[in-house]
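Below is one structure, written out as structure tokens; comments come after it.
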Ligand code: ADP
Ligand code: 5GP
């Protein structure tokens with residue numbers, strides 16, 4: 010049994026969308042707010058979507074050992090602060106981490122009891138369609154994300170659980186069943 014659920018998968022696969030649906034299905038499930046050096050997108054709020062940090066502040070927290078994991082993704086740093094996870098886990102409050110592959114591997118080493126779930130697209134070509142449809146990134150950013158996605162898709166077999174995001178309601182229900190079976 011574990012309180013920590015790691016959800017990973019390529020950009021645009023629908024992790025954020027599924028986690029919103031999952032939280033409606035599993036009351037009490039909390040979401041770790043990551044830190045990043047990336048700039049906020051339109052509509053994103055500091056402390057809600059991310060803790061938006063400057064480069065110096067991010068690096069200071071790395072040096073202080075305050076991250077459970079951290080990684081560079083498409084030119085920016087992202088990381089999970091221990092403070093987002095440890096106190097909740099100690100209280101038995103289930104917490105979801107939405108992180109990329111390198112971070113998921115670090116959590117696997119640091120917290121082997123965490124439940125790791127890979128979100129896969131029905132077809133790799135869906136990623137471009139979804140990223141373009143989301144409308145939040147320019148063409149160069151989308152290309153960079155798709156290049157990373159190829160490597161991420163190849164790591165699918167590392168994960169005990171894989172959920173194909175074909176339909177949001179169906180995939181969210183499958184995720185909820187995994188969470189309920191493990192918490
Ligand atoms: P991620 O968090 O993995 O980068 P998002 O949750 O932002 O992905 O989803 C990317 C885009 O794909 C969004 O526009 C979202 O509405 C859309 N999307 C998510 N799930 C599905 C699905 N099952 N079918 C079609 N479009 C989807
Ligand atoms: P985005 O810029 O689209 O919000 O996120 C880019 C990538 O960074 C996504 O794959 C997302 O899952 C990942 N990410 C978000 N937060 C973290 C984190 O705390 N740690 C790691 N390693 N990756 C993260």
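Numbering (my numbering), first residue to last: 10 to 192.
Where a beta carbon is used, it is the ideal one built from N, C-alpha and C, also for glycine.
Remember, predicted model here, so these are calculated numbers, not experimental data.
In this structure, residue 92 has its CB at a distance of at least 6 angstroms from all heavy atoms of the ligand 5GP. Relative to the ligand ADP, even the nearest heavy atom lies 6 angstroms or more away from the CB of residue 85. In this structure residue 131 is in contact with residue 173, their Cβ atoms being roughly 6 angstroms apart against a cut-off of 8 angstroms. Between the ligand ADP and the CB of residue 41, the shortest heavy atom gap is not smaller than 6 angstroms. Between residue 106 and residue 41, the gap from beta carbon to beta carbon is short of 7 angstroms. Between the segment 15-33 and the segment 61-71 there are fewer than three C-beta pairs closer than 8 angstroms, too few to call the two in contact. Per DSSP, residue 53 is not a residue of any beta strand (DSSP E), being assigned neither H nor E. In this structure, the beta-carbon distance from residue 158 to residue 136 falls below 7 angstroms. Excluding sequence positions up to five before and after residue 181, its CB lies within less than 7 angstroms of the CB of 27, 30, 31 and 34, all in the same chain and listed in chain order.
The C-alpha of residue 189 is placed about 34 angstroms away from the C-alpha of residue 85.
Using a cutoff of 6 angstroms, the CB of residue 107 counts as near the ligand 5GP, since one of the ligand's heavy atoms is closer than that.
In the DSSP secondary-structure assignment, residue 31 is not bridged to any residue.
Shown here for residue 163: not one same chain residue has a beta carbon closer than 7 angstroms to its own, the five before and five after excluded.
In the three-state DSSP reduction, residue 67 falls in the helix class (H, G or I).
Residue range 13-17 is occupied by the beta strand (DSSP E) that includes residue 16.
Shown here, residue 142 sits in a helix according to DSSP, grouped into three states. In the assembly as shown, residue 145 is an exposed residue. Its beta-carbon has fewer than 16 other beta-carbons within 10 Å. Taken in chain order, the complete beta strand (DSSP E) segments of 3 residues or longer contained in the segment 90-144 are 104-107 and 124-129.
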